[in-house]
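Asker: Quick note: the sequence shown, position 45, residue 57 per the numbering used here, numbers continuous.
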Amino acid sequence: MAVVLLVADQPQQGLDLVNAQQQLAASGLVVLDLNGESSHLLEGRDPQGGSLRWEAFVAQEHAAALWPDLEGPLRPWAAMLGLSIDSPTPPWLVPGLEDLQRVLWLADRLAAATADPEVQMVTVLLPPLAQALPLLRLAQRAPELILSLWDPLLNWWSETRQRLSHLELVLRLQLPSAESLRPPTPWLERCRLLADRLNDEQRLDVVLALSGDADTWPLQRRRLAALPLSGYPLHRLWIQGQGWSTPLLEGWSPPLLLGDSSWADRQDPLVTLLAQQAPSIPLTHWEDQLCRVFAPGVGREDLRVQQQKDALVISALGQRRIIPLPEACRQREPASARVSAPFVEVVFR
């Protein structure tokens, strides 16, 4: 099953790309809309028709679906503290929790699609880049973060409960066991599946759709570099705006669509953009003592290279990439760094 990550500036761009995908897919296309805004453009249409199945994240509905899994672990704590959890605070009203909700929803829907033999392709429609990157980072590390936060807490509670055991008998307290407070196992399993998918660049197809004229190039090149310097591949690029020409994108080889036009005029170019075979460009390639890093949009004046212990750290345009060093380079130091667009090349001595 193919997984496509679609990051679009404008909801209409996302919808246009999905429409182009639908022309290429005979059947089995599922769209998981994390943004939600593109779904509003579908009002009055039937997104379920033909080869397309559209599912959109809705915070309230998803919170209601999560509650049965959470109620069991939380109820013993609530009883001990004399609290009522019959009407819990909606998670989407707690600052910072909606992103976690989106990740849990995506993990759940991706697991369901993976188990469905009729599904051939899943397209994840992400919010604009500034929101998409934190979401992807959270999804990429969700299992590790959950366990790193939860396990120390459970260990502390086990020790505390043992120390309070005599009070538990005297005061007839009902202290919950640590095992009963573990996060729901299905959540972790689904989050691991999602993280595995996102960490496997060979199994992803990443499409970036930007909006802006050519005179916004100083901004657009920062956004162009953001995904690769965050550890995600970039297979296809669509920049919608006026005045664009290929010299601005020196060395760019993946499928590319530039320019501004109506849907009727760009329908065929978008289908072509998605149908083209994208070249395999590794995010990092080691060749003897040379490290080549895919970093489109980065100029020499943007670049800062450091070695920290057994890692090469590349900082540019507001992003920071940490690359483990191979054994052959761990006793060496970066001697020079240059930009050979769209790559950064670091030579070790």
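Cβ atoms here follow ideal geometry from the backbone N, Cα and C, with glycine treated the same way.
With three or more beta-carbon pairs closer than 8 Å as the criterion, would you say the region 289-305 touches the region 259-275?
Answerer: Because the criterion of three Cβ pairs below 8 Å is met, the region 289-305 and the region 259-275 touch.
Asker: Just tell me which of Gln-24, Ala-347, Gly-253, Val-358 has its CA closest to the CA of Glu-299.
Answerer: Nearest of Gln-24, Ala-347, Gly-253, Val-358 to Glu-299, Cα basis: Val-358.
Asker: Taking DSSP as the reference, what is the three-state secondary structure of Arg-2?
Answerer: Residue 2 lies beyond the residue range present for the chain, which begins at 13 and ends at 361; the question has no answer from this structure.
Asker: Does DSSP put His-74 in a helix, in a strand, or in coil?
Answerer: Three-state DSSP puts His-74 in a helix.
Asker: Hey, Asp-28 and Leu-249 are a contact pair by Cβ (cut 8 Å); roughly how many whole angstroms apart?
Answerer: The pair is not a contact, with the Cβ atoms about 15 Å apart (cut-off 8 Å).
Asker: Per DSSP, what are the beta-bridge partners of Asp-300 in this structure?
Answerer: According to DSSP, Asp-300 bridges with nothing at all.
Asker: Excluding the 5 residues flanking Val-356 on each side, which residues of the same chain have their C-beta closer than 7 Å to its C-beta?
Answerer: The residues are Val-305, Ala-307, Val-310, Leu-315, Ile-326, Ala-349.
Asker: Rounded to whole angstroms, what's the CA-CA distance from Leu-9 to Lys-321? Just pull it up for me.
Answerer: Past the boundaries of the shown model lies residue 9; the chain is included only from 13 to 361, so the question cannot be answered.
Asker: When the Cα atoms are used, what is the spatial distance from Ser-352 to Gly-263?
Answerer: Answer to the nearest angstrom: the Cα atoms are 8 Å apart.
Asker: Are Asp-217 and Val-16 close, meaning C-beta to C-beta below 9 Å?
Answerer: Yes, these two residues count as a Cβ contact at 9 Å.
Asker: Which first and last residues belong to the beta strand (DSSP E) in which Gln-319 is found?
Answerer: Counting along the chain, the beta strand (DSSP E) containing Gln-319 begins and ends at 316-320.
Asker: Around the Cβ of His-74, are there at least 16 other Cβ atoms within 10 angstroms (buried) or fewer (exposed)?
Answerer: Classification for His-74: buried.
Asker: Select from Thr-258, Leu-44, Thr-197 the residue whose C-alpha is nearest the C-alpha of Val-136.
Answerer: The shortest C-alpha separation from Val-136 is found at Leu-44.
Asker: Looking only at its own chain, which residues have a Cβ that is under 6 Å from the Cβ of Thr-296, when we skip the five neighbours before and after it?
Answerer: Correct list, in chain order: Val-305, Ile-335.
Asker: Look up Gln-331 in the DSSP assignment and say whether it is helix, strand or coil.
Answerer: Looking at Gln-331 - three-state DSSP - the assignment turns out to be strand.
Asker: According to the neighbour-count rule (16 or more other Cβ atoms, all chains shown, within 10 Å of its Cβ), is Gly-26 buried or exposed?
Answerer: Under this definition Gly-26 is a buried residue.
Asker: Give a yes or no on whether the C-beta atoms belonging to Leu-109 and Leu-46 are separated by under 9 Å.
Answerer: Not in contact: Leu-109 and Leu-46 (Cβ atoms no closer than 9 Å).
Asker: In chain order, what residues of the same chain lie with their CB nearer than 6 Å to the CB of Leu-122, ignoring the 5 residues before and after it?
Answerer: Around Leu-122: Leu-206.
Asker: Note down the Cα distance separating Pro-346 from Leu-324, rounded to an integer number of angstroms.
Answerer: Taking the straight line joining both Cα atoms gives about 8 Å.
Asker: State the beta-bridge partners of Glu-357 as determined by DSSP.
Answerer: Answer is Arg-304, Arg-350, bridged to Glu-357.
Asker: So with Cβ pairs under 9 Å, would you call Pro-281 a contact of chain B?
Answerer: Structure shown: chain B not included; a single protein chain is present.
Asker: Let me know the secondary structure DSSP gives Ala-38 once reduced to three states.
Answerer: Ala-38 falls in the coil class under three-state DSSP.
Asker: Between Gly-243 and Arg-344, how many whole angstroms is the CB-CB distance? I'm expecting something under 8 Å.
Answerer: In fact, because the Cβ distance is near 23 Å, the residues do not count as touching under 8 Å.
Asker: Rounded to whole angstroms, what is the Cα-Cα separation between Phe-360 and Pro-240?
Answerer: Rounded to the nearest angstrom, the two C-alpha atoms are 22 Å apart.
Asker: Please state if the CB of Leu-116 and the CB of Trp-199 are separated by a distance shorter than 9 Å.
Answerer: Contact flag set, yes.
Asker: Using the three-state DSSP reduction, which class does Asp-217 fall into: helix, strand or coil?
Answerer: In the structure shown, Asp-217 sits in a strand (DSSP, three-state: E or B).
Asker: Give the DSSP bridge partners of Arg-65, in chain order.
Answerer: Paired residues: Val-42.
Asker: Throw me the rounded Cβ distance for the Ala-221 and Gln-252 pair, which I believe falls under 8 Å.
Answerer: Between Gln-252 and Ala-221 the Cβ distance is about 7 Å, and since that is below 8 Å, they are a contact.
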